[in-house]
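According to the numbering used here, the residues represented by the sequence shown are 93 to 381, in order. Just so you know, even glycine gets a beta-carbon here, dropped at the ideal spot from N, CA and C. Contents: one structure, followed by commentary.
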Amino acid sequence: MTIAISPLQAIEDLRAAVDLQQAIVGERDPSIWRLPHLFHAQQSGGLLLGARTGFSQDTGSLDGVLVDLLAVMDGYSACRTVVWGVCPKARSCGIGTKLRLIERTTLQKEAIDLAYWDIDPLDGIELHVALNKLGGILTGYSRDSLGSTRDSRAPGLATDRVRCEWWIDAPSVIDRLDNEHAPPHQRIGLQAMTVLTKTTTLASGVRGIIECDLSPTAEHLLAEIPEDFNALQARDRDAAIQWRLQGRNLIEQLFQLGYIGIGLMHEGGRSFLLFKKGTRRTELGAVQK
């Protein structure tokens, strides 16, 4: 399958980007970047990319979109991603990753070191791409960033987010992308990881979180997240709320204790975020021998 990535330039392109966002999150979702926002981002030097694959018969529509704003973090030139999405019918085809790789090439030409964005800490699909495929790291947590959701599956659920930093020319990122080495969990080994979460299958049929160890000491830690949080929300709202609240307490504590998120494991039909004791500098400089 051919994935064609190109800048969004014409007004029709920007309208297509709005349409795609609505197809992903719903027409009234407050997180949507609408036409005036996209226009001003474009005119202010932002990076707007669209992906087309032929999934849709409408040649004017998009299958993927990425929007970056210019930013600065700790004195480094950066881009903050405010939109990154793929059409539901075109997922698992590499579109989201391809958008990021074209973004990386573009930022390298402009001498920009960093792209960063926020992810739902229970969204395993996006975490897999950001951490395992791209070599990003998780460095911080924010509660209810966008206000409580209006999603019919779990109305009132807090929109917590974790910060993902992607230092595009860090040794660890070069190792992952250019040298095509495996993500960290494939070389560390389960025997070196400590699971902090206790979960069980609930009466509703979904997996629920019972408790967390908030006083870890091991170097490598695993925090379970739902295998498919969207499906879980639709089946058991109360379980979704417990995942949000207990996951929040645990991940915030891990950041305070000096851990960073470095990967996502999928084992036995279950998903686990992998954390490591360390700093940005030590992890970004880590490469396989």
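**Whole-angstrom distance between L158 and T197, CA atom to CA atom** = On the sequence shown, residue 197 is found 105 positions in, with the first residue counted as 1. On the sequence shown, residue 158 is found 66 positions in, with the first residue counted as 1. Distance between the alpha carbons of T197 and L158 is about 14 Å.
**Message:** My output table needs one value for W259: the three-state DSSP class, helix, strand or coil.
**Reply:** Here residue 259 refers to the residue found at position 167 of the sequence shown. Here W259 sits in strand by DSSP.
**D328 versus I352 - alpha carbon distance** = For the purposes of this step, residue 328 is identified with residue 236 of the sequence shown, where counting begins at 1. For the purposes of this step, residue 352 is identified with residue 260 of the sequence shown, where counting begins at 1. Approximately 30 Å, taken between the alpha carbons.
**Prompt:** Got a sec, what are the start and stop residues for the beta strand (DSSP E) G138 sits in?
**Reply:** Residue 138 sits at position 46 when you count from the first residue of the sequence shown. G138 -> no beta strand (DSSP E), and no H or E assigned at all.
**Asked** Run through DSSP, which three-state label would I97 get?
**Response** Residue 97 sits at position 5 when you count from the first residue of the sequence shown. DSSP places I97 in strand when its eight states are reduced to three.
**Request:** Run through the segment 265 to 293 for me and flag every whole beta strand (DSSP E) of 3 or more residues, listed as ranges in chain order.
**Result:** 285 to 287, 289 to 293
**Beta bridge counterpart(s) of S234 as assigned by DSSP** = What you label residue 234 is simply residue 142 of the sequence shown in a count that begins at 1. R253, per the DSSP bridge assignment.
**Touch test, the segment 305 to 312 against the segment 282 to 297, Cβ-Cβ under 8 Å, three pairs minimum** = The answer is yes - the segment 282 to 297 touches the segment 305 to 312, with three or more Cβ pairs under 8 Å.
**Prompt:** What is the C-beta distance between I194 and S169, in whole angstroms, given that I count them as a contact (C-beta under 8 Å)?
**Reply:** To locate residue 194, count along the sequence shown from 1; it is residue 102. To locate residue 169, count along the sequence shown from 1; it is residue 77. Between S169 and I194 the Cβ distance is about 18 Å, and since that is not below 8 Å, they are no contact.
**Request:** Please state whether DSSP places D215 in a helix, a strand or coil.
**Result:** For this step, residue 215 is matched to residue 123 along the sequence shown. Three-state DSSP puts D215 in coil, outside helix and strand.
**Message:** Just to confirm the assignment: which complete beta strand (DSSP E) runs, minimum length 3, are found wholly within the segment 284 to 343?
**Reply:** For the segment 284 to 343, whole beta strand (DSSP E) runs of length 3 or above, ordered along the chain, are 285 to 287, 289 to 293, 299 to 304, 312 to 317.
**Prompt:** Can you tell which of G297, G281, T231, G248 has the C-alpha that lies nearest to the C-alpha of W258?
**Reply:** On the sequence shown, residue 258 is found 166 positions in, with the first residue counted as 1. Selected option, being the one with the closest Cα: T231.
**Prompt:** Beta-carbon separation of I354 and L223 under 9 Å?
**Reply:** As a first step, residue 354 must be located in the sequence shown, where it is residue number 262. As a first step, residue 223 must be located in the sequence shown, where it is residue number 131. Taking 9 Å as the Cβ cut-off, I354 and L223 qualify as a contacting pair.
**Request:** Tell me where the alpha helix (DSSP H) around R172 begins and ends.
**Result:** Along the sequence shown, one-based indexing puts residue 172 at 80. Here R172 belongs to no alpha helix (DSSP H); instead the beta strand (DSSP E) covers 168 to 178.
**Prompt:** What's the call for I187, buried or exposed, on a 16-neighbour Cβ count within 10 Å?
**Reply:** On the sequence shown, position 95 is the one that residue 187 refers to. So I187 ends up on the buried side.
**Item:** Enclosing beta strand (DSSP E) for I354 [first to last residue]
**Value:** For this step, residue 354 is matched to residue 262 along the sequence shown. Segment 351 to 359, the beta strand (DSSP E) holding I354.
**Request:** Return helix, strand or coil for L127, following the three-state DSSP convention.
**Result:** Locating residue 127 in the sequence shown gives position 35, counting from the first residue. In this structure, L127 counts as helix in the three-state DSSP scheme.
**Request:** Alpha carbon to alpha carbon, how far is I103 from G137? Give it in angstroms, no decimals.
**Result:** Indexing the sequence shown from 1 puts residue 137 at position 45. Indexing the sequence shown from 1 puts residue 103 at position 11. Distance between the alpha carbons of G137 and I103 is about 16 Å.
**Prompt:** Exposed or buried, which one is V164 when buried takes at least 16 other CB atoms within 10 Å?
**Reply:** For the purposes of this step, residue 164 is identified with residue 72 of the sequence shown, where counting begins at 1. Exposed is the call here.
**Collapsed DSSP secondary structure at D155 in the structure displayed** = The residue given as residue 155 occupies position 63 in the sequence shown. DSSP places D155 in coil when its eight states are reduced to three.
**Prompt:** Secondary structure at A203, three-state DSSP: helix, strand or coil?
**Reply:** Taking the first residue of the sequence shown as position 1, residue 203 is located at position 111. Coil.
**Asked** For L88, which option in E359, P99, L346 has the closest C-alpha, if you only look at C-alpha atoms?
**Response** Residue 88 lies beyond the stretch modelled for the chain, which goes from 93 to 381, so this question has no answer here.
**Item:** Backbone CA spacing between T292 and I211 [nearest angstrom]
**Value:** Counted from its first residue, the sequence shown places residue 292 at position 200. Counted from its first residue, the sequence shown places residue 211 at position 119. C-alpha separation (whole angstroms): 25 Å.
**Span of the alpha helix (DSSP H), counted from its first residue to its last, around R373** = Indexing the sequence shown from 1 puts residue 373 at position 281. Element bounds for R373: 372 to 376.
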